[in-house]
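Numbering follows the working numbering, in which position 74 of the sequence shown is assigned residue number 169; successive positions increment by one, without gaps.
Glycine included, each C-beta is placed from N, C-alpha and C at the ideal position.
Just below is one structure, and these are the notes that go with it.
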Amino acid sequence: MAIHLYSHSRQDLERAVEIILQKANALVSAQQRIQDEKTDDLIPQNEAAEFLKVSLPTITDWRKNKGLPYYNFSGRFYYSKSELLEYGRNRNRKMI
Numbered sequence: 096m097a098i099h100l101y102s103h104s105r106q107d108l109e110r111a112v113e114i115i116l117q118k119a120n121a122l123v124s125a126q127q128r129i130q131d132e133k134t135d136d137l138i139p140q141n142e143a144a145e146f147l148k149v150s151l152p153t154i155t156d157w158r159k160n161k162g163l164p165y166y167n168f169s170g171r172f173y174y175s176k177s178e179l180l181e182y183g184r185n186r187n188r189k190m191i
């Protein structure tokens, strides 16, 4: 079993750290954009029920028992329109 040791200059290490930080910042920025897009389309529970054309007890049941994605702010439930659409698409596929 051979052991290889490498020696890097300080400049090489600084450049490597710089590249890593640039990639990490790009990833954080992309995640923030995705989160911002989700919060832009948040609607309260009553609007989500209207959007899906279901009753409030139905949307509550789906949230509690069937994995409907939601956000809870100060005890109030909000839903992302895009996530509701995706949930509906997946739910219809399972029923077929």
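Quick check on the burial criterion: 16 or more other C-beta atoms within 10 angstroms. Buried or exposed for residue i?
i, result
"I154", "buried"
"A143", "buried"
"L180", "exposed"
"L116", "exposed"
Give a yes or no on whether the C-beta atoms belonging to residue i and residue j are separated by under 7 Å.
i, j, result
"L137", "S169", "no"
"Y173", "Y166", "yes"
Where do the N-terminal and C-terminal ends of the alpha helix (DSSP H) with residue i fall, by residue?
i, result
"H151", "Reading the sequence as shown, one finds Leu at residue 151 and not His. Start and end: 151-160."
Could you tell me the boundaries of the beta strand (DSSP E) in which residue i lies?
i, result
"N137", "Per the sequence presented here, residue 137 reads as Leu, with Asn not at that position. Looking at the DSSP string, the run of the beta strand (DSSP E) that includes L137 is 137-139."
"Y173", "171-175"
"Y166", "166-168"
Below 8 Å on the Cβ atoms is my contact criterion, and I expect residue i with residue j to pass it. Report the Cβ-Cβ distance as a whole number of Å.
i, j, result
"Q140", "L151", "7 Å"
Using a Cβ-Cβ cut-off of 6 Å (strictly less than) and excluding sequence neighbours within five positions of residue i, which residues of its own chain qualify?
i, result
"M190", "In this predicted model, M190 has a pLDDT of only 49, less than 50, meaning its place in the structure is not dependable; the value taken from the coordinates is given anyway. Excluding positions up to five away in sequence, the list is empty."
Output needed for residue i: all residues of its chain with C-beta closer than 8 Å, excluding positions within five of it in sequence on either side, in chain order.
i, result
"R171", "P139, Q140"
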